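Undergrad: Reading the sequence shown from the start, the letters are residues 334 to 605 in the numbering used here.
Cβ atoms here follow ideal geometry from the backbone N, Cα and C, with glycine treated the same way.
Note that the structure is a prediction, hence the values are computed from the model and not measured.
Can you read through this structure? Questions will come right after.
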Amino acid sequence: MSAELKALDLIRRHGDVIERHLFEESDFANYFSIYPEVWARFVLPNRLGGSVEFANAAWAKFCEHHYSCIVRCQSVREAYDTACHLTSQSFQEWDAQTLLDLHDALFGFFAFAAAAIENLAKCFQSAPGLAQQTQPDRGDEREIGSANWFLVRRNSLVHEMIVPVGIHDGVPRLCETVFQKHVGWHKADLRSTTTVGDLIEQSWAHFIRLIQRWESQLLDALEVRHPKYSRLPNLEEITPEVSIPGGAGSGAPYLQLPPSGVSGNPDSSPYS
334 MSAELKALDL IRRHGDVIER HLFEESDFAN YFSIYPEVWA RFVLPNRLGG SVEFANAAWA
394 KFCEHHYSCI VRCQSVREAY DTACHLTSQS FQEWDAQTLL DLHDALFGFF AFAAAAIENL
454 AKCFQSAPGL AQQTQPDRGD EREIGSANWF LVRRNSLVHE MIVPVGIHDG VPRLCETVFQ
514 KHVGWHKADL RSTTTVGDLI EQSWAHFIRL IQRWESQLLD ALEVRHPKYS RLPNLEEITP
574 EVSIPGGAGS GAPYLQLPPS GVSGNPDSSP YS
């Protein structure tokens with residue numbers, strides 16, 4: 334079994350309730366296929382299942398940001414699905430509720446996308462031992478699909494005015510004048526069209542590529558810095574469904590760590 338498939342099997346069996354739910358679906362697992370590898374090598378060994386605590390405190394912030402990222406990826410996907418559903422309909426007249434729903438979907442898509450990107454960036458900052466030069470490239474805000482492009486899109490929607498959406502020839506379209514001049518989105522963002530459907534499709538594809546690229550960079554950097562974590566755990570090394578007294582209940586695995594693994598030393602791996 335390949336490392337990718339083994340990691341996916343591990344998270345489907347021993348992730349928390351949300352992780353198991355997300356990665357049971359094959360499409361989601363394909364979109365964000367590198368997350369389980371990072372999780373299996375660097376989160377699972379440092380987590381106390383059934384508890385909000387971590388066995389290795391030095392990794393806590395990294396684990397929390399990595400988890401926040403994938404939860405927000407699902408929120409991005411839900412906003413994308415909503416926008417796709419709404420734009421796939423044929424509109425013969427103005428429909429106020431549909432337009433409001435489209436505004437909600439666009440806002441949610443870019444707000445959650447930027448939040449996920451920021452969480453993943455903080456993984457590089459909070460992972461023990463990663464040097465400053467390992468930080469991911471955020472790109473130019475004018476580069477469609479770059480991290481800064483998503484962040485500026487989010488900031489425009491949060492701190493500036495909305496981009497009006499209207500129905501033209503039965504298709505939801507963005508108001509090009511406001512889109513360019515008053516909100517600061519560049520003409521290049523529109524490609525050759527202002528349709529909401531095209532914008533959301535292109536942005537979703539860019540978002541997946543960005544998350545996958547950064548997860549891959551994160552995995553490579555962590556494997557170089559912490560080679561002791563390079564081996565994926567075997568299922569027999571994990572005791573599932575153990576409730577931690579005072580914790581959040583059972584359902585996630587309890588990894589039996591040696592005493593050295595509790596010290597907070599980021600290089601203490603239970604698999605060495």
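Mapping the DSSP letters down to three states, classify Ile-500 as helix, strand or coil.
TA: Stepping through the sequence shown from its first residue, residue 500 is reached at position 167. Here Ile-500 sits in strand by DSSP.
Undergrad: Which residues in the same chain have their Cβ closer than 8 Å to the Cβ of Glu-653, if we skip the five residues on either side of it in sequence?
TA: With the chain covering 334 to 605 only, the question about residue 653 has no answer from this structure.
Undergrad: Between the Cα of Leu-543 and the Cα atoms of Pro-505, Ile-450 and Asp-531, which residue gives the shortest distance?
TA: Position 210 of the sequence shown, counted from the first residue, corresponds to residue 543. When each option's Cα is compared against that of Leu-543, the closest is Ile-450.
Undergrad: Tell me whether the segment 450-464 and the segment 493-503 touch, counting them as touching only if at least three CB pairs, one residue from each stretch, are closer than 8 Å.
TA: Verdict: no, contact absent.
Undergrad: To the nearest angstrom, how far is it from the Cα of Glu-556 to the Cα of Asp-437?
TA: The residue labelled residue 556 in the question sits at position 223 within the sequence shown. The residue labelled residue 437 in the question sits at position 104 within the sequence shown. Their Cα atoms are separated by approximately 40 Å.
Undergrad: Flag this pair as touching only if the segment 386-405 and the segment 361-377 have three or more C-beta atom pairs under 8 Å; answer yes or no.
TA: At 8 Å Cβ cutoff, the stretches touch.
Undergrad: For Pro-505, count neighbouring Cβ atoms within 10 angstroms of its own Cβ and tell me buried if that reaches 16, exposed if not.
TA: Numbered from its first residue, the sequence shown carries residue 505 at position 172. Result: buried.
Undergrad: Going by C-alpha distance, which of Thr-420, Phe-365, Asn-389 and Ser-366 is nearest Gly-503?
TA: As a first step, residue 503 is located in the sequence shown; it is residue number 170 there, counting from the start. For the residues Thr-420, Phe-365, Asn-389 and Ser-366, the minimum Cα distance to Gly-503 belongs to Thr-420.
Undergrad: Leaving aside the five residues before and after Val-485 along the sequence, list all residues of the same chain whose C-beta is less than 7 Å from its C-beta, in chain order.
TA: Locating residue 485 in the sequence shown gives position 152, where the first residue counts as 1. The answer, listed in chain order, is Glu-474.
Undergrad: Compute the Euclidean distance between the alpha carbons of Ile-367 and Arg-487, then round it to the nearest angstrom.
TA: One-based indexing of the sequence shown puts residue 367 at position 34. One-based indexing of the sequence shown puts residue 487 at position 154. Using only the alpha carbons, I get a separation of about 25 Å.
Undergrad: Alpha carbon to alpha carbon, how far is Tyr-400 from Phe-483?
TA: For the purposes of this step, residue 400 is taken as the residue at position 67 of the sequence shown. For the purposes of this step, residue 483 is taken as the residue at position 150 of the sequence shown. Answer to the nearest angstrom: the Cα atoms are 20 Å apart.
Undergrad: Would you report the Cα separation of Gln-550 and Arg-380, rounded to the nearest angstrom?
TA: By one-based count along the sequence shown, residue 550 stands at place 217. By one-based count along the sequence shown, residue 380 stands at place 47. Taking the straight line from one Cα to the other gives about 22 Å.
Undergrad: Shortest alpha-carbon distance to Gly-441 belongs to which of Ala-538, Ile-533 and Arg-558?
TA: As a first step, residue 441 is located in the sequence shown; it is residue number 108 there, counting from the start. Looking at the Cα atoms, Ile-533 is the closest of the given residues.
Undergrad: Using beta-carbon positions only, say whether Phe-607 and Ala-446 come within less than 7 Å of one another.
TA: No information on residue 607 is available, as it lies outside the stretch 334 to 605 that the chain covers here.
Undergrad: Do Pro-461 and Ile-391 have their beta-carbon atoms positioned less than 7 Å apart in this structure?
TA: Here residue 391 is taken as the residue at index 58 of the sequence shown, counted from 1. Here residue 461 is taken as the residue at index 128 of the sequence shown, counted from 1. Sequence inspection shows Ala at residue 391; the Ile mentioned does not correspond to that position. Yes, the pair counts as a contact, with Cβ atoms nearer than the cut-off.
Undergrad: Which word fits Ile-403, buried or exposed, when buried means at least 16 other C-beta atoms lie within 10 angstroms of its C-beta?
TA: The count along the sequence shown starts at 1 and reaches residue 403 at position 70. So Ile-403 counts as buried.
Undergrad: Per DSSP, what are the beta-bridge partners of Arg-506 in this structure?
TA: Position 173 of the sequence shown holds residue 506. DSSP, once it has assigned bridges, lists Gly-499 and Thr-528 as partnering Arg-506.
Undergrad: According to DSSP, is Leu-435 part of a helix, a strand, or is it coil?
TA: In the sequence shown, the residue the question calls residue 435 occupies position 102. In this structure, Leu-435 counts as helix in the three-state DSSP scheme.
Undergrad: With DSSP collapsed to three states, give me the class of Phe-361.
TA: Against the sequence shown, residue 361 aligns to sequence position 28. Phe-361 falls in the helix class under three-state DSSP.
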